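Step one of this worksheet: look at the structure below.
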Amino acid sequence: MMMMMGEMWPQLGSVIASAMFAYAMFQQYFPYQLRGPIEKYTQKLFGYVYPYIHISFDEYSGEWRTRSELFTTIQSYLSTKSSTEAKRLKAQDVKDSKSLVLAMDDNEEVTDEFQGIKLWWASRKNAPIQSSFSFYPRSDEKRHYKLTFHRRHRDIITGSYLDHVRKQGKAIAVSNRQRKLYINNPAENWSYYKATKWSPVVFEHPATFETMAMEPKKKEEIVNDLIKFSKGKDYYAKIGKAWKRGYLLYGPPGTGKSTMIAAMSNLMNYDVYDLELTTVKNNTELRKLLIETPNRAIIVIEDIDCSLDLTGQRKKKKEKDDEDKEEKDPIKKMRGGEERKPSEVTLSGLLNFIDGIWSACGGERIIVFTTNFVDKLDPALIRRGRMDKHIELSYCCYEAFKVLARNYLDLESHELFGTIERLLGETNMTPADVAENLMPKSDIDGADSCLKALIEALETAKEEARVKAEEEVKLKAEEEAKLKAEKEAKLKEEEEAKLKPEKEEKEKVESAKEVVKCKLCNGTSAKQDGKENGVIH
Numbered sequence: 098m099m100m101m102m103g104e105m106w107p108q109l110g111s112v113i114a115s116a117m118f119a120y121a122m123f124q125q126y127f128p129y130q131l132r133g134p135i136e137k138y139t140q141k142l143f144g145y146v147y148p149y150i151h152i153s154f155d156e157y158s159g160e161w162r163t164r165s166e167l168f169t170t171i172q173s174y175l176s177t178k179s180s181t182e183a184k185r186l187k188a189q190d191v192k193d194s195k196s197l198v199l200a201m202d203d204n205e206e207v208t209d210e211f212q213g214i215k216l217w218w219a220s221r222k223n224a225p226i227q228s229s230f231s232f233y234p235r236s237d238e239k240r241h242y243k244l245t246f247h248r249r250h251r252d253i254i255t256g257s258y259l260d261h262v263r264k265q266g267k268a269i270a271v272s273n274r275q276r277k278l279y280i281n282n283p284a285e286n287w288s289y290y291k292a293t294k295w296s297p298v299v300f301e302h303p304a305t306f307e308t309m310a311m312e313p314k315k316k317e318e319i320v321n322d323l324i325k326f327s328k329g330k331d332y333y334a335k336i337g338k339a340w341k342r343g344y345l346l347y348g349p350p351g352t353g354k355s356t357m358i359a360a361m362s363n364l365m366n367y368d369v370y371d372l373e374l375t376t377v378k379n380n381t382e383l384r385k386l387l388i389e390t391p392n393r394a395i396i397v398i399e400d401i402d403c404s405l406d407l408t409g410q411r412k413k414k415k416e417k418d419d420e421d422k423e424e425k426d427p428i429k430k431m432r433g434g435e436e437r438k439p440s441e442v443t444l445s446g447l448l449n450f451i452d453g454i455w456s457a458c459g460g461e462r463i464i465v466f467t468t469n470f471v472d473k474l475d476p477a478l479i480r481r482g483r484m485d486k487h488i489e490l491s492y493c494c495y496e497a498f499k500v501l502a503r504n505y506l507d508l509e510s511h512e513l514f515g516t517i518e519r520l521l522g523e524t525n526m527t528p529a530d531v532a533e534n535l536m537p538k539s540d541i542d543g544a545d546s547c548l549k550a551l552i553e554a555l556e557t558a559k560e561e562a563r564v565k566a567e568e569e570v571k572l573k574a575e576e577e578a579k580l581k582a583e584k585e586a587k588l589k590e591e592e593e594a595k596l597k598p599e600k601e602e603k604e605k606v607e608s609a610k611e612v613v614k615c616k617l618c619n620g621t622s623a624k625q626d627g628k629e630n631g632v633i634h
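This note's numbering puts the first residue of the sequence shown at 98, with every later residue one more than the last.
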């Protein structure tokens, strides 16, 4: 047996050497015009006996040699398998990724399984034929992934499996992607070299729905609504509606509106685009910003009631004559700068932005408005279909306090919780104020001192609210008394005005009577004087 093996290896080596020699002769001396047909029929003949199919995915594609998005998606999909199966790995710092991505090194291979079907993924890189200077790598230098599978599984692989790879690869890339917070740039900067309409910063806000001070049922309702939206692509297409959803967050300052936005971003793995309306000149620029906003994004307009004069319920702008009288800033004038013109964004433009035909340019977007005074907003701006879900964030309740106590003090229960529950039911305090009182201010502050500080703050707030209520009642009583006195004075004036003609008529009659009486008296006196003087009339 050992002799047979010893004889076989030299024969195999001789066969391989002969084949390599024949291939070299074919490449060097065989006419180029005949190589194509021969290779074509050779591969066709080989295909009858070789049962496997290969699919290549190039790293770069297109005329401008841009990196293929599909290649990047496959790289993300294979990263988990490469880290556990491949013997030679390549660490890559992918843009916007939170950590290094481990990919297969060149000429490595890993296996995959889908619906009981075994597949092979290999990373390949072709050696260059000739060297030449170029800003971009030559096409034969590009890396590519090669997928190998049995030909009887062609339909499943080219259909379900490749779609599965795309979806899973994108999901892995999103989970590894570092979230960012964007702010819109002024339009005058858009024309600069490499300028963009949005400027990003890394967004690492730690807020989650688990740490939010809110009623558990309300919190669960919001989380379920968000998750349902993220899975609703087919449903929104079925009902013929753009894949977007609007949320209106309203309530007093300090109730957690901004924290809610951060929690949404962390739950959904969406970037946040903070839209500052005062820097947008007109409706056209607003539409351009919308076009530049990608999918899987949260578009936020905070304090929308203060952003622009959109509702007609605020103070009107000054008249043009008054504006002409105002002097320009002398500092800007010396620097050669010009005053920024007021934004010309209209209510109609904003409505088209969130619910018009332009809102369908893209999908999987969440639009969030925040306001402290929901009554000031135009009903057309916040109606259902634009702001689909209205979420009121109000003062701290007992359930919200327990979340804060668990977050800040690691407490699930305490003997002072009963007192705090009673006080929270009797007075209003925002979650931000409650959290500030629960936060230890020094190393010697314990749970007892923090809870006592909160109780003291609640009692103070309760007393201030009582005093304020008494003052309001007093002011109201004084105002009512003043109004009553004014009303009585007005009624008295009306009565006097009504009786004045009668009084004047009566005075005229009395005056006439006095005149007649005087005349009669004067006539009687004259007759008596005549009789005494002997004058007969």
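Even glycine gets a Cβ: it sits at the ideal position worked out from N, Cα and C.
Computed from a predicted model, the values in this text were never measured in an experiment.
Check	Outcome
Determine the closest residue to S546 out of E560, R248, L513, I336, with distance taken between C-alpha atoms.	L513
Quick check: the Cα distance between W340 and R248, rounded to an integer number of angstroms?	38 Å
Taking 6 Å as the limit between beta carbons, can you name the residues of its chain near V471, skipping five residues before and five after?	Y347
Does the Cβ of G543 have 16 or more other Cβ atoms within 10 Å, making it buried, or fewer, making it exposed?	exposed
According to DSSP, what are the bridge partners of H241?	D155, R221
Quick one: what does DSSP say K294 is sitting in, helix, strand or coil?	coil
Smallest Cα separation from T308: which of L501, L506, V612, E569?	L501
Could you please give the first and the last residue of the uninterrupted alpha helix (DSSP H) stretch that includes V500?	495 to 506
Could you give the distance in angstroms between the alpha-carbon of I463 and the alpha-carbon of K330?	13 Å
Buried or exposed: R563, going by 16 or more other Cβ atoms within 10 Å of its Cβ?	exposed
Along the chain, where does the beta strand (DSSP E) that runs through A339 open and close?	Taken as a continuous stretch (DSSP letters only), A339 belongs to no beta strand (DSSP E), as it is neither H nor E.
Taking 7 Å as the cut-off, does the CB of V397 come closer than this to any heavy atom belonging to the ligand ATP?	Among the components of this structure there are no ligands whatsoever, and the ligand ATP is therefore not found.
Exposed or buried, what is P528 when buried is set at 16 or more other beta-carbons lying within 10 Å of its beta-carbon?	buried
Let me know the secondary structure DSSP gives A304 once reduced to three states.	coil
Are the region 373 to 383 and the region 442 to 458 touching, with three or more C-beta to C-beta distances below 8 Å?	yes
If distances are taken between C-alpha atoms only, which option among L474, A394, G446, C403 comes closest to R276?	A394
Quickly, what does DSSP pair L346 with across the bridge? List them, please.	T467, I488
According to the neighbour-count rule (16 or more other Cβ atoms, all chains shown, within 10 Å of its Cβ), is D53 buried or exposed?	Nothing about residue 53 can be reported from this structure: the residues present for the chain run from 98 to 634 only.
To the nearest whole angstrom, what separates the beta carbons of S220 and D209, a pair I think is in contact under 8 Å?	Rounded, the Cβ-Cβ distance is 13 Å, inconsistent with contact.
By DSSP's criteria, L199 is part of a beta bridge. Which residues make up the other side?	A188
Which full runs of the alpha helix (DSSP H) of 4+ residues lie inside the region 525 to 568, going along the chain?	528 to 535
For R185, I'd like the list of residues in its chain whose CB is within less than 7 Å of its CB, leaving aside the five on either flank, ordered along the chain.	D202, E205
Taking Cβ positions, are I171 and V262 nearer each other than 8 Å?	yes
Looking at the secondary structure, which residues open and close the alpha helix (DSSP H) in which D402 lies?	401 to 404
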